[in-house]
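**Q** Those protein sequences? They're chains A and B, same order as listed. Numbering-wise, the working numbering comes out as the position in the first sequence, counting from 1, plus 2. Numbering-wise, the working numbering comes out as the position in the second sequence, counting from 1, plus 2. Here it is: the structure, laid out below.
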Amino acid sequence: MTDLARVEDAALLTGQGRFLDDLDPLPGTLVAAVVRSPHAHARIRGADLERARRMPGVAAVIGPEEVLATLKPFPLSVRTPHPYYPTATDKTRFVGEPVAVVVATDRYLAEDAAELVEIDYEPLPAVVRTDLAMEPDAPLLHDESESNVATDRTFVFGEVDEAFARARHVVSRSYSFPRYSSTPMECYVVVADWRDGVEGPEITAHANFHGPFSMAPVVAGSLGIPTSSLRLVVPADIGGSFGIKSAVYPYISLMALASKHAGRPVRWTEDRLEHLLASSSGSDRLMTFEAAVDDDGVVSALRVDLVDNVGGYLRPPEPSTLYRCFGNITGAYAIDAVGIRARAVVSNKAPTGLNRGFGGQQLYFGLERLIDDIARERGLDPAEVRRRNMVRSDDFPYATPSGGIYDSGDYHRALELALANTDYERLREEQAVARESGEWMGIGIATIVDPSATNIGYVGLATPVQDRTARRGKSGSTEHVRVTVDPQGIVSVLLGTVPQGQGHATVARDLVAAHLGLPVEHVRPRVELDTATTPWTISSGSYSSRFAPLLTSALLEAADRIAETIKVAASVLLEVEPERLELAEGMVRVADDHDRAVAFRHAAGLVHWDPGSLPDGFSARLYEEAAFTPPQAKAASRTDQINSSLCYGFVADVVVVRIDKETLTLRIEHLSSVHDAGTILNQTLLEGQVHGAIAQALGGALFEEMTYSDAGQPTAGTFMDYLCPTSAESVFPLTSDHLETPSPLTRLGAKGSGEGSSMSLPVAIANAVADALHAEGVEITSLPLHGNVLHDLLTTAKGT
Amino acid sequence: MKAAPFAYVRPGSVADVVGELAHDDAKVIAGGQSLVPVLAMRLGRPGLLVDINSVSELDRLSREGDSLRVGATVRQRRLQDDALSAAVPLVRLALPWVGHREIRSRGTVCGSIAHADPSAELPAVACCLEATMVLASTRGTREVPAVDFFTGALSTAVEPDELLAQVVLPVAKPGEGFGFGEFARRHGDFALAGVAVRVRTHGASPEARLTCFGVSDVPVPADVSALLRAALDATGPSPSRAALVCALAEDAGDVARDLVDTGGDSHASPAYRRRLISGLVAREVASAYLKATRSELERDKP
Numbered sequence: 003m004t005d006l007a008r009v010e011d012a013a014l015l016t017g018q019g020r021f022l023d024d025l026d027p028l029p030g031t032l033v034a035a036v037v038r039s040p041h042a043h044a045r046i047r048g049a050d051l052e053r054a055r056r057m058p059g060v061a062a063v064i065g066p067e068e069v070l071a072t073l074k075p076f077p078l079s080v081r082t083p084h085p086y087y088p089t090a091t092d093k094t095r096f097v098g099e100p101v102a103v104v105v106a107t108d109r110y111l112a113e114d115a116a117e118l119v120e121i122d123y124e125p126l127p128a129v130v131r132t133d134l135a136m137e138p139d140a141p142l143l144h145d146e147s148e149s150n151v152a153t154d155r156t157f158v159f160g161e162v163d164e165a166f167a168r169a170r171h172v173v174s175r176s177y178s179f180p181r182y183s184s185t186p187m188e189c190y191v192v193v194a195d196w197r198d199g200v201e202g203p204e205i206t207a208h209a210n211f212h213g214p215f216s217m218a219p220v221v222a223g224s225l226g227i228p229t230s231s232l233r234l235v236v237p238a239d240i241g242g243s244f245g246i247k248s249a250v251y252p253y254i255s256l257m258a259l260a261s262k263h264a265g266r267p268v269r270w271t272e273d274r275l276e277h278l279l280a281s282s283s284g285s286d287r288l289m290t291f292e293a294a295v296d297d298d299g300v301v302s303a304l305r306v307d308l309v310d311n312v313g314g315y316l317r318p319p320e321p322s323t324l325y326r327c328f329g330n331i332t333g334a335y336a337i338d339a340v341g342i343r344a345r346a347v348v349s350n351k352a353p354t355g356l357n358r359g360f361g362g363q364q365l366y367f368g369l370e371r372l373i374d375d376i377a378r379e380r381g382l383d384p385a386e387v388r389r390r391n392m393v394r395s396d397d398f399p400y401a402t403p404s405g406g407i408y409d410s411g412d413y414h415r416a417l418e419l420a421l422a423n424t425d426y427e428r429l430r431e432e433q434a435v436a437r438e439s440g441e442w443m444g445i446g447i448a449t450i451v452d453p454s455a456t457n458i459g460y461v462g463l464a465t466p467v468q469d470r471t472a473r474r475g476k477s478g479s480t481e482h483v484r485v486t487v488d489p490q491g492i493v494s495v496l497l498g499t500v501p502q503g504q505g506h507a508t509v510a511r512d513l514v515a516a517h518l519g520l521p522v523e524h525v526r527p528r529v530e531l532d533t534a535t536t537p538w539t540i541s542s543g544s545y546s547s548r549f550a551p552l553l554t555s556a557l558l559e560a561a562d563r564i565a566e567t568i569k570v571a572a573s574v575l576l577e578v579e580p581e582r583l584e585l586a587e588g589m590v591r592v593a594d595d596h597d598r599a600v601a602f603r604h605a606a607g608l609v610h611w612d613p614g615s616l617p618d619g620f621s622a623r624l625y626e627e628a629a630f631t632p633p634q635a636k637a638a639s640r641t642d643q644i645n646s647s648l649c650y651g652f653v654a655d656v657v658v659v660r661i662d663k664e665t666l667t668l669r670i671e672h673l674s675s676v677h678d679a680g681t682i683l684n685q686t687l688l689e690g691q692v693h694g695a696i697a698q699a700l701g702g703a704l705f706e707e708m709t710y711s712d713a714g715q716p717t718a719g720t721f722m723d724y725l726c727p728t729s730a731e732s733v734f735p736l737t738s739d740h741l742e743t744p745s746p747l748t749r750l751g752a753k754g755s756g757e758g759s760s761m762s763l764p765v766a767i768a769n770a771v772a773d774a775l776h777a778e779g780v781e782i783t784s785l786p787l788h789g790n791v792l793h794d795l796l797t798t799a800k801g802t
Numbered sequence: 003m004k005a006a007p008f009a010y011v012r013p014g015s016v017a018d019v020v021g022e023l024a025h026d027d028a029k030v031i032a033g034g035q036s037l038v039p040v041l042a043m044r045l046g047r048p049g050l051l052v053d054i055n056s057v058s059e060l061d062r063l064s065r066e067g068d069s070l071r072v073g074a075t076v077r078q079r080r081l082q083d084d085a086l087s088a089a090v091p092l093v094r095l096a097l098p099w100v101g102h103r104e105i106r107s108r109g110t111v112c113g114s115i116a117h118a119d120p121s122a123e124l125p126a127v128a129c130c131l132e133a134t135m136v137l138a139s140t141r142g143t144r145e146v147p148a149v150d151f152f153t154g155a156l157s158t159a160v161e162p163d164e165l166l167a168q169v170v171l172p173v174a175k176p177g178e179g180f181g182f183g184e185f186a187r188r189h190g191d192f193a194l195a196g197v198a199v200r201v202r203t204h205g206a207s208p209e210a211r212l213t214c215f216g217v218s219d220v221p222v223p224a225d226v227s228a229l230l231r232a233a234l235d236a237t238g239p240s241p242s243r244a245a246l247v248c249a250l251a252e253d254a255g256d257v258a259r260d261l262v263d264t265g266g267d268s269h270a271s272p273a274y275r276r277r278l279i280s281g282l283v284a285r286e287v288a289s290a291y292l293k294a295t296r297s298e299l300e301r302d303k304p
């Protein structure tokens with residue numbers, strides 16, 4: 003087993019994973035089925051639950067009435083009159099929206115009884131398209147609001163209008179970005195228990211929820227309890243999420259309520275139909291990008307108009323898709339002036355949320371397509387336009403106009419490496435020859451800044467500064483860890499990062515072992531999270547690539563303190579000053595006299611068994627907690643600027659595609675991808691993240707889209723129509739390379755790297771297809787790109 | 003995603019199976035590759051499931067004269083791998099396209115044909131080969147030609163009380179060659195467009211018959227002998243593959259225009275399907291013709 007790459011692998015490969023659906027944490031648990039709306043938009047005139055309640059084996063049935071009687075609306079990220087509950091109450095606003103819950107002795111019975119639930123719907127006109135939802139006479143989703151625009155903010159940083167007035171050229175394009183998911187293997191699972199305590203309800207909930215834990219007070223808010231009355235337990239294994247499972251949280255409230263009515267703990271396991279219908283996805287976006295450009299293709303200012311379609315509700319943390327990349331909205335480019343309009347629109351589609359790359363794939367689709375369009379208009383090579391605009395290596399730390407502070411990087415070197423790895427000049431010659439013979443071959447580039455370790459303060463930006471409460475700002479990018487040593491010298495590491503399969507335990511084990519001079523077998527990571535016992539705060543969780551930059555920083559701080567205690571204990575045994583000691587090879591030894599040594603475990607044993615021998619006043623503590631709290635993550639400023647992430651990595655993708663003229667099949671002939679995630683902690687896991695992000699990007703670029711009919715019926719509700727790329731579609735020549743420009747802000751110089759290609763590759767592929775088909779008069783302004791889409795584009799282009 | 007309640011029986015003989023099917027609302031289950039998802043989604047809710055997997059007489063794959071007889075529980079993968087299926091080359095060309103290996107290990111040949119998905123491979127193969135379906139019920143046994151068997155999307159000539167007990171596939175004759183191709187967005191998906199082709203070169207002038215799938219409610223058979231003859235007139239009787247594909251492509255678009263009869267969906271509009279069919283027809287008719295002439299050469303060898 004020692005040959006396996008990760009400490010997690012043995013259990014996972016032998017079926018010993020501890021996924022929540024395999025576990026039975028609360029005895030006597032009943033099973034729930036959720037009744038969902040078949041209508042995209044309908045008023046609920048009444049709900050008759052009696053027939054379902056009378057069915058043998060049914061313990062409880064709850065609907066809008068029970069929800070309204072006990073729950074409060076979830077606190078939203080912005081003040082807008084869009085009350086959001088875990089079920090529909092007045093109206094249903096998307097197909098698949100929960101309207102009732104049946105609790106029974108098993109899932110079959112629960113689904114049988116669910117068919118007896120009678121909801122009296124009055125169907126209403128639905129609106130799904132973003133542009134139509136913004137029309138003044140569009141069907142209004144939330145009766146108390148004036149329009150379907152849930153948030154609309156405008157920001158100006160620098161002299162934008164002046165730059166556009168002076169500009170020799172203005173390049174302006176509109177694009178749209180599709181709605182897609184990351185499709186985790188395991189769907190949502192919640193086991194919830196409601197108990198009435200002396201001080202009010204006490205909720206215990208087991209869920210495959212991985213954060214952000216800012217959603218814990220949101221759940222508690224809906225239940226009307228303090229956050230500490232909600233005990234949230236997350237199992238060691240989560241079968242993937244990529245952000246999608248953050249939206250399991252409304253079901254925690256719902257199943258807690260179901261448990262209150264059933265008088266027993268309640269389990270709900272989401273099935274794939276429910277997941278595809280109503281879980282979560284990235285938001286789809288309409289956008290216009292406009293650049294003020296000089297003759298040489300240098301951009302002096304940018305105007306960005308973003309409209310996200312967030313579905314039926316502004317479900318927290320939305321509208322964060324608009325703001326996650328706020329500090330890096332000018333991307334890899336030294337652009338001093340930017341104007342931003344950021345809107346989120348509600349429509350009769352399912353709510354959106356985190357999805358690997360969160361906001362990045364949407365942003366860079368616009369920005370990087372625009373850079374290519376600038377190159378085309380100026381008659382320049384797209385690589386050259388990027389060279390002329392990118393932030394230079396001696397400009398770091400680099401402050402962006404919107405408040406980002408890029409910590410480190412060498413964008414030019416990374417791009418040159420990506421180009422060299424495809425032999426770019428030769429490739430362009432090959433392309434010229436291919437074009438001569440009528441072939442459709444294209445080369446696409448994307449150069450993007452990859453933000454990691456989100457500063458959750460950006461959520462505040464959706465609220466205008468005059469409405470933000472003074473001294474109640476939001477910020478933070480912290481991670482927490484507890485390290486303990488047992489009497490045999492075995493080190494336990496308790497992580498608050500809630501991994502979804504990334505291998506956090508392996509990296510934590512290796513780092514602590516190296517730091518304490520121990521064999522890796524003596525370090526035992528634990529990744530179950532229990533809010534009652536694991537150190538955590540609001541910003542905890544597995545999202546925005548936080549582990550590498552943040553958790554490892556906390557880990558070393560805690561390990562340092564453990565090392566100090568061990569050295570003091572060893573100094574008693576060795577009768578030498580602790581400052582002269584070092585930890586190596588499982589021993590504590592005198593640095594300049596290795597023969598004078600005691601075993602690490604003997605030093606640990608002394609602290610446990612014989613603390614009386616420690617120096618007077620020294621605390622016999624072999625448990626250390628640390629919270630890495632970078633001061634660079636501040637709340638949004640009064641001028642609306644924010645450093646929206648702690649670290650900013652970089653990705654350069656160069657992709658070569660060829661399109662078959664008969665079938666219009668798109669083949670990726672080569673992808674050269676260079677990532678700079680600062681210090682590399684584990685090469686194998688980093689490559690795994692790169693491969694995973696590439697596969698996800700491939701889905702969005704070529705295969706996957708959550709489509710709806712105009713009436714709001716989902717048209718990709720099963721895997722027959724929602725097409726995830728499989729291994730057969732994900733095999734192509736890849737050259738993955740890396741630069742390491744360490745972050746000065748994290749302990750090891752590491753930055754996050756789980757999302758880079760999710761952000762860069764969709765647009766790199768779009769740029770390649772645009773390059774391939776430009777001569778045919780085809781413009782690429784949206785995704786996904788597949789034969790049917792290309793057929794339409796080519797037919798339309800030919801017709802005009 | 004749990005099935006609604008149903009009764010379940012597992013009879014041991016065809017007589018008992020058809021006896022059970024005489025009950026109202028009974029449904030045959032064999033490999034379950036189409037039916038189980040339908041049950042789980044509650045899109046179908048038969049009162050009685052008649053599991054035929056214990057009926058040994060239905061598990062027969064046998065050669066009888068000029069026919070290959072495939073029993074109701076014969077798995078797709080068994081047909082693919084069994085030496086007997088070499089006599090029906092079109093089946094061997096088509097089966098690798100049916101789902102994935104795991105699906106073919108459970109899914110039955112007759113099940114796929116009885117399910118009659120308009121974009122499935124095996125119904126098109128049956129039509130192209132002019133196979134015969136053997137239906138059993140308490141009323142006796144009857145035979146239905148494949149071209150009359152498929153009556154619409156997911157509907158066939160099988161009556162509610164009948165079992166598709168056997169499909170009878172004609173074995174290839176000398177001078178016959180076959181082609182099969184399809185296009186899907188991903189490996190293993192149902193086809194957006196596909197063709198099965200049989201060419202006969204034995205005789206004065208070659209005959210070509212194809213069946214398109216994924217382009218209408220039912221498999222669409224067509225005689226394309228004229229297309230092939232016109233192409234051969236242009237190329238001569240022993241063309242290279244590239245030359246023949248090129249010559250066929252001239253008029254393949256017209257054939258495709260007539261054959262594609264679907265409203266289309268988000269994966270492929272009717273126009274895109276025509277484009278695909280046109281390419282597939284040219285390639286696979288050429289391929290079948292070249293194989294047929296080769297098979298004729300082999301026959302003529304001493």
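Ideal placement from N, C-alpha and C gives every residue a C-beta, glycine not left out.
In this structure, what does DSSP give as the bridge partners for arginine 526(A)?
**A** In the DSSP assignment, arginine 526(A) is bridged to Ser494(A).
**Q** On the CB-based measure, 16 or more other CB atoms within 10 Å of its CB, does glutamine 35(B) come out buried or exposed?
**A** buried
**Q** Excluding sequence positions up to five away, which residues of its chain have a Cβ less than 8 Å from the Cβ of proline 304(B)?
**A** Residue confidence for proline 304(B) is low, a pLDDT of 48 falling below 50, so the modelled location carries little weight; the figure read from the coordinates is stated next. Counting only Cβ-Cβ distances below 8 Å, and skipping sequence neighbours, we find nothing.
**Q** Apart from the five residues just before and just after histidine 740(A), which ones in its own chain have a Cβ nearer than 6 Å to its Cβ?
**A** His677
**Q** Please list, in chain order, the chain B residues whose beta carbon lies closer than 7 Å to that of asparagine 790(A).
**A** Under the 7 Å cutoff, chain B gives His269, Ala270, Ser271, Tyr274.
**Q** For aspartate 191(B) and chain A, any beta-carbon pair shorter than 9 Å?
**A** yes
**Q** Comparing the C-beta of glycine 281(B) with each C-beta of chain E, is any distance below 9 Å?
**A** Absent from the structure: chain E. Protein chains present are A and B.
**Q** Give the residues of chain B in contact with arginine 274(A), contact being defined as C-beta atoms less than 8 Å apart.
**A** Chain B residues near arginine 274(A): Met3.
**Q** State the CB to CB distance for the pair serine 147(A) and threonine 82(A), rounded to an integer number of angstroms; the pair is presumed to be in contact (CB under 8 Å).
**A** 7 Å
**Q** What does glutamate 731(A) reach in chain B if we use C-beta pairs closer than 8 Å?
**A** Within 8 Å Cβ-Cβ: Arg188, His189.
**Q** So what does DSSP say about leucine 775(A), is it helix, strand or coil?
**A** helix
**Q** Report the residue ranges of all alpha helix (DSSP H) runs contained in full by the stretch 422 to 454 of chain A; include only those spanning at least 4 residues, in chain order.
**A** 426 to 438
**Q** Which value, in whole angstroms, describes the spacing of the CA atoms of aspartate 412(A) and arginine 603(A)?
**A** Rounded to whole angstroms, aspartate 412(A) and arginine 603(A) show a C-alpha spacing of 44 Å.
**Q** Answer yes if the stretch 390 to 398 of chain A comes into contact with the stretch 346 to 353 of chain A, meaning at least three C-beta pairs across the two stretches below 8 Å, and no otherwise.
**A** no
**Q** Assign glutamate 252(B) to one of three DSSP states: helix, strand, or coil.
**A** helix
**Q** Would you kindly work out how many angstroms separate the C-alpha atoms of leucine 518(A) and valine 525(A), rounded to a whole number?
**A** Each residue's alpha carbon lies about 10 Å from the other.
**Q** Counting only the same chain and skipping the five closest in sequence on each side, list residues whose C-beta sits under 6 Å from that of alanine 379(B).
**A** Nothing can be reported for residue 379(B), as the shown portion of chain B is limited to 3 through 304.
**Q** Can you check which of these residues, Ile376(A), Glu584(A), Leu22(A), is closest to aspartate 595(A) by C-alpha distance?
**A** Ranking Ile376(A), Glu584(A), Leu22(A) by Cα distance to aspartate 595(A) puts Glu584(A) first.
**Q** Got a sec: does the ligand MN put a non-hydrogen atom nearer than 8 Å to the Cβ of alanine 593(A)?
**A** Absence of the ligand MN from the depicted structure is noted, as is the absence of any ligand whatsoever, leaving it without description.
**Q** Within a Cβ cutoff of 6 Å, which residues of the same chain sit near glycine 503(A), ignoring the five residues on either side of it in sequence?
**A** Gly242
**Q** Please decide whether arginine 526(A) counts as near chain B, where near means a Cβ-Cβ distance under 9 Å.
**A** Under the Cβ distance rule, arginine 526(A) does not count among the residues neighbouring chain B, no pair being separated by less than 9 Å.
**Q** Please check the pair aspartate 286(A) and arginine 181(A), which I expect to be a contact at CB under 8 Å, by giving their CB distance rounded to whole angstroms.
**A** 4 Å
**Q** Any C-beta of chain B sitting closer than 9 Å to the C-beta of methionine 722(A)?
**A** yes
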